[in-house]
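Trainee:
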DNA sequence: TTAGAGTCTCCCCACGGGTGGAGAGTCAAG
DNA sequence: CTTGACTCTCCACCCGTGGGGAGACTCTAA
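Protein chains in written order, with our numbering: chain H, 1 to 134; chain W, 135 to 268.
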């Protein structure tokens, strides 16, 4: 009558994730199984569902599985991972800001090129595209 | 006394690109050799340098090698690729704009999460991170 | 003629997060 | 006991743009 655990298909059904993905997470150490059946089937506890929700949420916030692994390690050590997550999220914002700067600059370059673009200029045998001058 | 062509190392030296990259471009069909030596060495013409400048420029504008291939095909057919390049660059701007929208939205989400973040909240056994509520 | 530099093809590796399939073993219901 | 669904491990592949190296061959200058 003890809860012996879910097999991987049951966890897939309840979490909405593909079986392959769950195996992948377990291989990475993100999702420890509570054990194996006699035949070698992975058995998962109820807390796996919470864990998968956590992983999904952090993935949606742009963290890599490696980042998430670190947060879960803190949790598994019995501490609250909130501080670590906060740092990761701040780093994420910094990365986004940098990317935004790059993209805005890049857009300016593209825009200025198209500004005086001539679709059908006089051919020039010395270059491939006269508008780009190369 | 005919110009029999450069070997790949000479082209690498003059273009500043690694030999490996030139072979890769030739395999893709981006950079046709004018032939092979008796021993099987690739031989390139002078126009290869112009071609590589063109490729480099379009790469720096965010086009993929596939996109560039299309432009070069137009050029090789004897037409000016300017119209095609213009379309590619406009598409590039559209992609950048979409990406900018996504990133701005994403930044808002991250920022609002950190707004009321508590680094060290009361532990809650039902969730892994009380701030995220998962 | 010979040494050494250059080049050839072919194959594996990188990144991140998985997906697909083969072949074999396991589990539960009828 | 059988059958069909489930699961196991292991290997390969995807995206793009090359990099690294092995083993064999070629070219050129002295």
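Glycine residues also receive a C-beta, built at the ideal position from the N, C-alpha and C atoms.
Would residue 129 (chain H) and residue 265 (chain W) qualify as a contact pair, given that the criterion is a beta-carbon distance under 8 Å?
Mentor: For residue 129 (chain H) and residue 265 (chain W), no; Cβs fall outside 8 Å.
Trainee: Can a CB atom of chain H be found closer than 8 Å to the CB of residue 204 (chain W)?
Mentor: With 8 Å as the cut-off, residue 204 (chain W) does not count as an interface residue toward chain H.
Trainee: I need the DSSP call for residue 114 (chain H), collapsed to helix, strand or coil.
Mentor: Three-state DSSP puts residue 114 (chain H) in a helix.
Trainee: Comparing C-alpha positions only, which one of H:91, H:48, H:99 sits nearest to residue 67 (chain H)?
Mentor: The residue with the shortest Cα to Cα distance from residue 67 (chain H) is H:91.
Trainee: Can you give me the C-alpha to C-alpha distance between residue 205 (chain W) and residue 219 (chain W), rounded to a whole angstrom?
Mentor: Computed Cα separation, rounded: 7 Å.
Trainee: Within 8 Å (strictly less), CB to CB, does residue 253 (chain W) reach chain H?
Mentor: Closer than 8 Å: yes.
Trainee: How would you list, in chain order, the residues of chain W whose beta-carbon sits under 9 Å from the beta-carbon of residue 98 (chain H)?
Mentor: Within 9 Å Cβ-Cβ: nothing; residue 98 (chain H) doesn't reach chain W, min ~10 Å.
Trainee: At the 8 Å Cβ level, is residue 106 (chain H) part of the contact set with chain W, yes or no?
Mentor: Chain W contact via Cβ: present.
Trainee: Which value, in whole angstroms, describes the spacing of the CA atoms of residue 65 (chain H) and residue 76 (chain H)?
Mentor: Each residue's Cα considered, the two are about 16 Å apart.
Trainee: Is it buried or exposed, residue 25 (chain H), if we count other Cβ atoms within 10 angstroms and call 16 or more buried?
Mentor: When all chains shown are included, residue 25 (chain H) counts as buried.
Trainee: Would you list the residues sitting across from residue 177 (chain W) in a DSSP beta bridge?
Mentor: Answer by DSSP bridge pairing, in chain order: W:169.
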